[in-house]
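Here numbering that gives the first Met the number 0 is used: position 397 in the sequence shown is 396, and no number is missing along the way. Cβ coordinates follow ideal geometry from the N, Cα and C atoms, glycine included. Here the structure is a predicted model, which means the values were calculated and not measured. First up is the structure itself, then whatever we jot down about it.
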Amino acid sequence: MDNHPRKRSSNFSIDHILSAPKKPRQGFLINELLGVVHLLGSVQQGEGTSKEAKDYVKKLENSIEHMAKFHYVKIKSKFTITDLPSTPEALLAGIFQHCIDEAIAESRERNIEPTHLGCMISSPMLEGGDIPIPIRQMTNNTLDTILNQFKKVAQSKQQKNVSLWGEPFTVTITTLDRNGLPSKRRVNGGARRPIKTAVHHRINDQCLIKIRNNDNHYCLFYALQATMVAKTCNWPRWKFSRYLNNQYGQQGQLHHDAVELMQQVNAPMDLDGYDADTFVPHVVDYWNNAQQQHRFAVFIFGSLGLYKPLYKYIDNTYDTPLLLYFNEDHFDGVQKQGGLFGRPYCLECERPYRRMSEHNKTCKARCVLCSRVGPLFPCPSSAGFFKKCKECNKKFTNNGCYQHHLQSGFCKRSKKCKDCGSVWDVAVNNRNGRKGLVAVNASVRCATTTTTLSVAATFNPLSPKNATPTAS
Numbered sequence: 000m001d002n003h004p005r006k007r008s009s010n011f012s013i014d015h016i017l018s019a020p021k022k023p024r025q026g027f028l029i030n031e032l033l034g035v036v037h038l039l040g041s042v043q044q045g046e047g048t049s050k051e052a053k054d055y056v057k058k059l060e061n062s063i064e065h066m067a068k069f070h071y072v073k074i075k076s077k078f079t080i081t082d083l084p085s086t087p088e089a090l091l092a093g094i095f096q097h098c099i100d101e102a103i104a105e106s107r108e109r110n111i112e113p114t115h116l117g118c119m120i121s122s123p124m125l126e127g128g129d130i131p132i133p134i135r136q137m138t139n140n141t142l143d144t145i146l147n148q149f150k151k152v153a154q155s156k157q158q159k160n161v162s163l164w165g166e167p168f169t170v171t172i173t174t175l176d177r178n179g180l181p182s183k184r185r186v187n188g189g190a191r192r193p194i195k196t197a198v199h200h201r202i203n204d205q206c207l208i209k210i211r212n213n214d215n216h217y218c219l220f221y222a223l224q225a226t227m228v229a230k231t232c233n234w235p236r237w238k239f240s241r242y243l244n245n246q247y248g249q250q251g252q253l254h255h256d257a258v259e260l261m262q263q264v265n266a267p268m269d270l271d272g273y274d275a276d277t278f279v280p281h282v283v284d285y286w287n288n289a290q291q292q293h294r295f296a297v298f299i300f301g302s303l304g305l306y307k308p309l310y311k312y313i314d315n316t317y318d319t320p321l322l323l324y325f326n327e328d329h330f331d332g333v334q335k336q337g338g339l340f341g342r343p344y345c346l347e348c349e350r351p352y353r354r355m356s357e358h359n360k361t362c363k364a365r366c367v368l369c370s371r372v373g374p375l376f377p378c379p380s381s382a383g384f385f386k387k388c389k390e391c392n393k394k395f396t397n398n399g400c401y402q403h404h405l406q407s408g409f410c411k412r413s414k415k416c417k418d419c420g421s422v423w424d425v426a427v428n429n430r431n432g433r434k435g436l437v438a439v440n441a442s443v444r445c446a447t448t449t450t451t452l453s454v455a456a457t458f459n460p461l462s463p464k465n466a467t468p469t470a471s
């Protein structure tokens, strides 16, 4: 007989522990391991100690959003996960389930019974953005959906020799109660209120970037990608048309770029629809972090409604607005900003206007020196440039601003008072035979100087603001 002790096989799975000894050996998946954790409730460590899933989770904060008018309650619970072992796959189900249970318990403590749930997983190791799981109705598969999405990202990182376990990651659970929403429209009587008439958008098809995606549901990403290209690439019209319509040398390029964009922001490929509120922030943040030439913002308008956009995602430094048009559950891009309302449109005031020179004088996106409107205005100062116009008495520190005020004729329509420094409109103050601004004796204080206006020459002063330098 062989006196040597028989070696134990080290190639075994947890299935051997839970199954009958004679059961044929099979391969195992992470999902099977995760199911075991539910049964055991804890994991044994090498030192003999037992740690439950909740021991790895620390609750950070809670926030609640309540809109009584729409019977809408939204609770966000944020957790951080730390001190994971080197192979934590078997812990994930218990950890995520604990986060979900805590968020649901928090909702119920506030007498809110959640019906929908979403999740956002953040980590310093996720260079392309967070892992979003959109808010959906709670089912028995909610946990599996979170695990599968997390597993896909973890496996893709493993192929690049990057592990998600190197740093703590944060799980944000959003629970939502929508049972309070009325199933029928309520018609309630009360005091008469001002009627806000819906605006029928006068859409010109030439102003839209028409998206055709008959074989998938990616219209949001097609519209974002195509609009971004239209705004930044300065292609000739024929080239962009081929890119948009899948023709000639551009065949399949838009689809390829949109799918690559979805992969960069970790958007699932198999959803029946994509919510702008969930995915637009990830796309904009990805673009703004990936390059420094442009700072993007997104505005989405509906086919019927008020002048304000249905949705917008912006920061204070954007210089390239991307406009989308939402109609019948479909997104298209917008080429020309004024095409939606038949007139120029101000994204700052959220209303159209006739001419730049007649636009709202207090608009933060308007230059009072040259009258131009947009995210790049008021005009920033240029190093080494200064010029005072003798005709309108304005002082310019930007050559483009100075040239435009001359070429557009704004110099003749807007003046600056030599005494009080106020900018005033010639047409308004010369109306009905008035002589405009007349400085007489020092009896009325205006800024740091004293000026008197004749009775027939009252005017609406404009106080020019200092231009804020734009980010390079």
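Ordered along the chain, which non-local residues of its own chain (more than five positions away) have a Cβ less than 7 Å from that of residue i?
i    : result
A289 : none
T114 : Q136, M137, L175, D176, R177, N178
C378 : C366, L368, C369, N397, G399, C400, A466
K22  : Reliability of the predicted coordinates at K22 is poor, the pLDDT of 42 falling under 50, and no value is obtained from them.
V258 : none
D274 : P133
H358 : C345, Y352, R365, V372
Terminal residues of the continuous beta strand (DSSP E) containing residue i?
i    : result
F168 : 168–176
Based on the DSSP output, what are the partners of residue i in its beta bridges?
i    : result
K387 : K394
N61  : S76
Y324 : F300, D331
L116 : R135, T174
P351 : Y344
R365 : V372
L405 : Answer is none; L405 lacks a bridge partner.
D424 : S413
V56  : I80
L339 : None, per the DSSP bridge assignment.
S121 : T169
I208 : G332
I130 : I120
For residue i versus residue j, is the C-beta spacing smaller than 8 Å?
i    : j    : result
I299 : Y285 : no
P280 : Y312 : yes
P374 : A382 : no
G332 : L339 : no
Q334 : C232 : no
L253 : A222 : no
T396 : S407 : no
G248 : R241 : yes
S106 : F168 : no
V422 : K411 : no
T81  : K58  : no
F492 : I134 : As shown, the chain starts at 0 and ends at 471. That puts residue 492 outside it, with no answer to give.
K307 : E349 : yes
T173 : G93  : no
M124 : K150 : no
E108 : S76  : no
Considering residue i, what are the terminal residues of the alpha helix (DSSP H) in which it resides?
i    : result
S413 : Element bounds for S413: not the alpha helix (DSSP H) but the beta strand (DSSP E), 413–415.
M227 : 218–231
C98  : 91–108
N147 : 141–158
Considering only residues of the same chain and omitting the five flanking positions on each side of residue i, which have a CB-CB separation below 6 Å?
i    : result
A266 : F278
M119 : D129, P131, T171
G45  : Confidence is the limiting factor: at G45 the pLDDT is only 43, short of 50, which leaves the residue's position unreliable and the question unanswerable from this model.
E390 : C410
K387 : K394
F220 : A257, L260, M261
G337 : P343, Y344
F78  : V56, K58, C98, V170
A296 : I313, Y317, P320
V427 : none
Note down, in chain order, each residue of its chain lying with its Cβ closer than 8 Å to the Cβ of residue i, except the 5 sequence neighbours on either side.
i    : result
A229 : I208, F239, G332, Q334
F385 : K394, F395, T396
N478 : This structure gives no information on residue 478, because the portion of the chain shown stretches from 0 to 471.
C362 : C345, E347, C348, V372
N212 : C218, Y221
Ranges of the alpha helix (DSSP H) found wholly within the segment 242–319, counting only runs of at least 4: 252–263, 275–289
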